[in-house]
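Structure first, commentary second.
Chains as they are written, first to last, in the numbering used here: chain A, 1089 to 1501; chain B, 207 to 297.
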């Protein structure tokens, strides 16, 4: 052990400053309040402070930072979506991801792996070709590959999947990546905190004060705050917040579960996704397989785990990789996904003046963390929707103008 | 929730059932405005609470209504839709 470390064991002074300042008390007013201290909320706070000079901001978090869906996803980052709106938006996110570790001076373990969406049916192949063409049109590295390329990228795979759903090809997206998800929340949180944003953990919003169609303040369990602007970035708790301002939305909540295996030597380089087998899997820097599947089949506001999920997902994993039969599952968990009818998010201004939504992030929110923070910061600062999020407004449903992104969801839901 | 009671077939494992979403009274499509129709088609009561839901017992294709607490996953009761129909709608 280096001597300088030992010195700190004997002294009361800690060598490393805390990641975030711990503000003692809420002030009575802020220029903006962000509800939700996950990746999206903290990213919005970070860009508001850095790019728009707004630092008199409070981030209110009911639990702890990054303890919601930011720390519960399977960390996959990609931009091979289906609609022009989605492709442009997620690709802008990918650009931000690449420099984020430098930006924060914090190692996010951002690791570009290549992302294969496997197709087991002719219909799936057709969707892959469609996505590849849309992607290429917008300059995204995305192409359809055959079974031989898949075998080269992942030699252990059983291309026949136990004989019952042979792999016909895949959509290959070279920039597909994984990152350490809680570090993303910490990086944004530290950056925002350094610039003067206050992060209040264990502070719950009890109500939102709306007068004459305008936001005036927020009731919390630690007192009242007056503010003209509120950003709601609470993932699976969105309907509870929108009910506080009397806003109807199409959002419905289903749990999404995930699990990891025991650590192994590195053997799986790419990220593999199979819509038909309901699997997405990658190997983390620690060697664990990080695995996810489709949504739980009915509405539930809980993060409980089920044995059904582990059994179902393990069976499908063995179809693809029979040699894993002796590997143990060590952890499972769940998050609450706020789903939308068209599998696109709901972002931007709402009919309630000063109330902004960053919601409907269902099962696809982690990869969008940087760009949603950036575009929501712009929208809040200028009270005008950023051009990249125009296709995601809440008003699209009343106009029957949906942004159909279901074909780009990683697994069939 | 590991089991559910079908009003016709009794208590069965949850894997035999299909969830059909919250029960909501449909406005008359002939007279409703576009806006109210969009509200019916898309908008949901997303917050947790005790809700009436459609469920189907798959192997017998019996559709029925379940009253369930969506925060704690506890079933209050299940019954056939007739009970709502003959009362002229619920909620």
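The beta carbon of each residue, even a glycine, is placed where N, CA and C say it ideally should be.
Cβ-Cβ separation, residue j to residue i (assumed contact under 8 Å), whole Å
i: residue 1451 of chain A; j: residue 1344 of chain A; result: 5 Å
i: residue 1305 of chain A; j: residue 1312 of chain A; result: 6 Å
i: residue 1391 of chain A; j: residue 1422 of chain A; result: 4 Å
i: residue 1321 of chain A; j: residue 1479 of chain A; result: About 19 Å; that fails the 8 Å criterion.
i: residue 269 of chain B; j: residue 225 of chain B; result: In fact, because the Cβ distance is near 11 Å, the residues do not count as touching under 8 Å.
i: residue 1415 of chain A; j: residue 1350 of chain A; result: 6 Å
i: residue 1378 of chain A; j: residue 1348 of chain A; result: 5 Å
i: residue 1429 of chain A; j: residue 1482 of chain A; result: About 12 Å separates the two Cβ atoms, so there is no contact after all.
i: residue 1363 of chain A; j: residue 1171 of chain A; result: About 17 Å; that fails the 8 Å criterion.
i: residue 1199 of chain A; j: residue 1358 of chain A; result: That belief does not hold up - the Cβ atoms of residue 1199 of chain A and residue 1358 of chain A are roughly 11 Å apart, past 8 Å.
i: residue 1166 of chain A; j: residue 1261 of chain A; result: 5 Å
i: residue 1308 of chain A; j: residue 1291 of chain A; result: 5 Å
i: residue 1341 of chain A; j: residue 1425 of chain A; result: 7 Å
i: residue 1128 of chain A; j: residue 1442 of chain A; result: About 18 Å separates the two Cβ atoms, so there is no contact after all.
i: residue 1244 of chain A; j: residue 1152 of chain A; result: With a Cβ gap of about 38 Å, residue 1244 of chain A and residue 1152 of chain A do not count as contacting.
Proximity test, Cβ basis, 8 Å: residue i and chain B
i: residue 1388 of chain A; result: yes
i: residue 1171 of chain A; result: no
i: residue 1197 of chain A; result: no
i: residue 1340 of chain A; result: yes
i: residue 1354 of chain A; result: no
i: residue 1444 of chain A; result: no
i: residue 1485 of chain A; result: yes
i: residue 1429 of chain A; result: yes
i: residue 1385 of chain A; result: yes
i: residue 1134 of chain A; result: no
i: residue 1178 of chain A; result: no
i: residue 1466 of chain A; result: no
i: residue 1488 of chain A; result: yes
Contact with chain A by residue i, beta-carbon distance below 8 Å
i: residue 297 of chain B; result: With a pLDDT of only 46 at residue 297 of chain B, under 50, the local geometry of the prediction cannot be trusted, and no value is derived from it.
i: residue 279 of chain B; result: yes
i: residue 298 of chain B; result: Nothing in the structure corresponds to residue 298 of chain B, since chain B is present only between 207 and 297.
i: residue 268 of chain B; result: no
i: residue 217 of chain B; result: no
Proximity of residue i and residue j at Cβ, strictly below 8 Å
i: residue 1454 of chain A; j: residue 1278 of chain A; result: no
i: residue 1293 of chain A; j: residue 1148 of chain A; result: yes
i: residue 1117 of chain A; j: residue 1281 of chain A; result: no
i: residue 1144 of chain A; j: residue 1112 of chain A; result: no
i: residue 1215 of chain A; j: residue 1495 of chain A; result: yes
i: residue 1356 of chain A; j: residue 1253 of chain A; result: no
i: residue 1267 of chain A; j: residue 1197 of chain A; result: yes
i: residue 1346 of chain A; j: residue 1139 of chain A; result: no
i: residue 214 of chain B; j: residue 266 of chain B; result: yes
i: residue 1208 of chain A; j: residue 1264 of chain A; result: no
i: residue 235 of chain B; j: residue 242 of chain B; result: no
i: residue 1250 of chain A; j: residue 1233 of chain A; result: no
i: residue 1476 of chain A; j: residue 1131 of chain A; result: no
i: residue 1502 of chain A; j: residue 1409 of chain A; result: Any question about residue 1502 of chain A goes unanswered here, given that chain A covers just 1089 to 1501.
i: residue 1431 of chain A; j: residue 1373 of chain A; result: no
i: residue 1493 of chain A; j: residue 1169 of chain A; result: yes
i: residue 228 of chain B; j: residue 273 of chain B; result: no
i: residue 279 of chain B; j: residue 207 of chain B; result: yes
i: residue 1157 of chain A; j: residue 1323 of chain A; result: yes
i: residue 1276 of chain A; j: residue 1444 of chain A; result: no
i: residue 1121 of chain A; j: residue 1146 of chain A; result: yes
i: residue 1459 of chain A; j: residue 1319 of chain A; result: no
Practice item. Determine which residues of the segment 246-266 of chain B have a Cβ less than 7 Å from any Cβ of chain A, and write them out in chain order. Key: 248, 249, 250, 252, 253, 254
**Study point:** chain A contacts made by the segment 219-247 of chain B, where a contact means CB separation under 7 Å
**Key:** 225, 241, 244, 245
Practice item. Could you please tell me which residues of the segment 1309-1341 of chain A, in chain order, have their CB closer than 8 Å to any CB of chain B? Key: 1326, 1327, 1328, 1330, 1331, 1336, 1337, 1338, 1339, 1340, 1341
Exercise for review: With a floor of 3 residues, list each beta strand (DSSP E) that falls wholly inside the segment 1277-1341 of chain A, ordered by position along the chain.
Suggested key: 1286-1288, 1293-1299, 1302-1308, 1311-1314, 1318-1320
Exercise for review: Jot down the residue ranges of each uninterrupted beta strand (DSSP E) in the segment 1169-1195 of chain A, minimum 3 residues, whole runs only, in chain order.
Suggested key: none
**Study point:** Sequence ranges, alpha helix (DSSP H) only - wholly within the segment 1340-1422 of chain A, length at least 4
**Key:** 1395-1408
Check your understanding: What beta strand (DSSP E) runs, 3 residues minimum, are completely inside the segment 1218-1267 of chain A?
Key -> 1231-1233, 1257-1261
Point to revise | Runs of alpha helix (DSSP H) wholly within the segment 1113-1144 of chain A (minimum 4 residues, chain order) | key: 1127-1139
Practice item. List in chain order: all unbroken alpha helix (DSSP H) runs of 4+ residues lying wholly within the segment 227-257 of chain B. Key: 240-248
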